[in-house]
Each structure stands twice: as C-alpha cells, then as structure tokens.
Amino acid sequence: MQPASLTLDLGSARMGTIALGAPARLLAENLGPPVSYWLMRQRGWWLYPERGLSFEVKNDRIISMAIVVAQPETSLLQRFVDRFQPFSGLVRLGHGTERTSNLQERTFREALGTPVETERDREALALTFRVGGVHVETEFLPNGRLKHLALFP
C-alpha cells in the first residue's frame with residue numbers, strides 16, 4: 095500500500111486489509127518490514143515512521159493501530175521519533191473521509207458524539223470515543239489540530 099492510498103476507517107477499525115484482530119503477517123505483506131525487528135520481537139511494536147504508522151501485536155494478532163499526525167511521543171517511538179512523518183492517508187469518519195490535516199476536535203465530536211473519557215493538560219487534549227467495540231483515542235494539540243489517533247479493543 096502506498097502512503098497516500100491508505101485510509102483508516104474508524105467504523106470498521108481497518109486500513110485496507112489490515113484490521114484489529116487480523117494476523118500480523120498482513121502488516122509485512124502490505125507495508126513491508128517494520129523499522130526495528132528488535133522492537134517487533136521484544137515489544138510487539140511494528141513501527142513505520144516514514145508512513146506515520148504504529149501497530150502493536152500480541153499473540154500474532156494486531157491489537158492496536160495508530161497514526162501520527164504531528165509531534166510523535168518520544169516515549170512511544172523511542173529513537174525513531176525524528177524519523178516519524180505525518181500520516182499522509184485519509185481518515186474515514188461516520189460523515190465522510192477527511193485528510194488528517196483537516197481533522198480537529200470538533201470533527202470527531204460531530205462524527206462520534208460525546209467522548210467516554212476526556213483528559214486535558216497544558217500540552218494536549220485527549221478524547222476517547224467508543225465506536226462499536228473499539229476505543230478511538232484521539233489527542234489534539236493546543237491549537238485543536240489532531241496529533242495522534244489510536245484504535246484498540
């Protein structure tokens with residue numbers, strides 16, 4: 095899959111053939127090898143910094159997927175933080191498909207309703223929504239722009 099052709103569908107918790115609960119081999123088949131085999135084997139982290147993508151695998155199944163839009167977390171991405179590029183694909187919400195650069199807090203509230211959890215500090219606002227059986231965790235910069243989006247059961 096080419097980065098620009100990737101669409102993260104929040105309703106089905108999938109990106110093309112890659113979905114929560116799917117076999118980890120689909121990551122390699124669709125995205126190629128992860129940037130670090132050590133992190134893949136030791137922690138189950140499949141990192142694709144040049145695509146702005148991160149996945150977590152447990153028992154050979156994808157248990158979370160995330161896109162990085164701006165300022166990735168150093169703790170999450172360790173030494174690869176400088177290599178992370180913004181996700182260049184699209185995000186499909188209930189009302190349509192948007193470029194990540196257009197996604198704001200308001201966009202998610204309109205499409206997904208009231209968050210089940212809200213956390214705010216000086217650096218970011220984190221909102222967690224429930225879509226079907228999936229948690230959609232969003233994080234926004236102080237200017238309201240999407241920083242990070244993760245899906246997990």
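Numbers given in the working numbering equal positions in the sequence shown, counted from 1, plus 94. Glycine included, each C-beta is placed from N, C-alpha and C at the ideal position.
Rounded to the nearest whole angstrom, the CA to CA distance from P128 to P143 is 9 Å. The beta carbons of L121 and M109 sit about 10 Å from each other, so the pair does not count as a contact at 8 Å.
Taking a 10 Å sphere around the C-beta of T194, we find 16 or more other C-beta atoms and assign the residue as buried.
For G183, the number of other beta carbons within 10 angstroms of its own is at least 16, and it is reported as buried.
Residue state for Q136 is assigned as helix, using DSSP reduced to three classes. Annotated as distal: L147 and L133, with beta-carbon spacing of 9 Å or more. Annotated as proximal: F234 and E199, with beta-carbon spacing under 9 Å.
Taking C-alpha positions only, K241 is separated from D154 by approximately 28 Å. As the crow flies, the alpha-carbon of P180 is around 19 Å from that of E150. T191 and V225 have their alpha carbons spaced roughly 16 Å apart.
Remark: C-beta atoms of L114 and V163 do not approach each other more closely than 9 Å. Straight through space, the alpha carbons of A160 and K152 are spaced by roughly 15 Å.
Between the alpha carbons of G227 and S130 lies a distance of about 30 Å.
Just so you know, the alpha carbons of I112 and S158 end up roughly 11 Å apart.
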